[in-house]
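Everything below concerns the one structure shown next.
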Amino acid sequence: MKYATSRRLALIATVLTFFVIILGAYTRLADAGLGCPDWPGCYGHLTVPKSQEVIDSTNSLFQERELEKGKAWLEMVHRYFAGALGLMIAAIAIVAWVQRRKNKHPVKLPTFLLLLVTFQAALGMWTVTLKLNPAIVMLHL
Numbered sequence: 001m002k003y004a005t006s007r008r009l010a011l012i013a014t015v016l017t018f019f020v021i022i023l024g025a026y027t028r029l030a031d032a033g034l035g036c037p038d039w040p041g042c043y044g045h046l047t048v049p050k051s052q053e054v055i056d057s058t059n060s061l062f063q064e065r066e067l068e069k070g071k072a073w074l075e076m077v078h079r080y081f082a083g084a085l086g087l088m089i090a091a092i093a094i095v096a097w098v099q100r101r102k103n104k105h106p107v108k109l110p111t112f113l114l115l116l117v118t119f120q121a122a123l124g125m126w127t128v129t130l131k132l133n134p135a136i137v138m139l140h141l
C-alpha cells in the first residue's frame with residue numbers, strides 16, 4: 001500500500017475517532033447509556049425495533065426497560081460508528097503487519113491502537129451488560 005493511502009486511512013480513522021467520542025459523550029449526556037439494554041444488538045435485534053408489533057413484543061421481553069426509540073437509536077449509532085472505527089483500525093494494523101518489511105511500516109502504534117479500541121469495545125459491552133457500573137462507565141469515558 002502506498003504511503004498516501006496509509007495516510008488517508010489514518011486521517012479517516014482520526015475523523016471517525018472524533019465522531020465516536022462525540023457520539024459517546026452525547027449518548028452519556030442524553031442518559032441513553034442503556035437505550036438498548038443488551039449487547040451487541042438492541043432488544044434482541046440488529047437495529048432498533050421499528051414496527052409497533054415488534055416493539056410490543058420487545059417491551060414484554062425486556063420489562064425492566066421499555067424501548068425509547070430516540071435513546072435506542074442514539075446508542076446504536078454510537079455502536080455502529082465505534083464498530084466502523086474498530087474495523088478501520090484493524091485494517092490499518094493488518095496492512096502495517098503485512099507490509100512491515102517491504103515498506104518499513106511501523107507496527108507498534110497500529111497494534112497498540114487495535115488493542116486500545118478492542119479494550120474500549122469490551123468496556124462498552126460491559127457498560128451495557130453490567131447495567132452502567134460506575135467503574136466501567138468511568139473507564140469507558
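Numbering of the sequence shown is given in our numbering, commencing with residue 1 and proceeding in unit increments. Cβ coordinates follow ideal geometry from the N, Cα and C atoms, glycine included. Since the model is a prediction, treat every value here as computed from it, not as a measurement.
- Excluding five sequence positions before and after residue 24, the CB atoms of its chain that fall closer than 6 Å to its own CB belong to 78, given in chain order.
- Residue 63 and residue 5 have their C-alpha atoms some 49 Å from each other.
- Taken atom to atom, the span from the alpha-carbon of residue 82 to that of residue 114 is near 12 Å.
- For residue 30, no alpha helix (DSSP H) run applies, since DSSP gives it neither H nor E.
- A residue is called buried when at least 16 other Cβ atoms come within 10 angstroms of its Cβ; residue 53 does not meet this threshold and is exposed.
- Exposure of residue 122 is indicated by the presence of fewer than 16 other C-beta atoms within 10 angstroms of its C-beta.
- Taking all protein chains shown into account, residue 43 has 16 or more neighbouring C-beta atoms within 10 Å of its C-beta and is therefore buried.
- A straight line joining the alpha-carbon of residue 94 with that of residue 14 spans about 17 Å.
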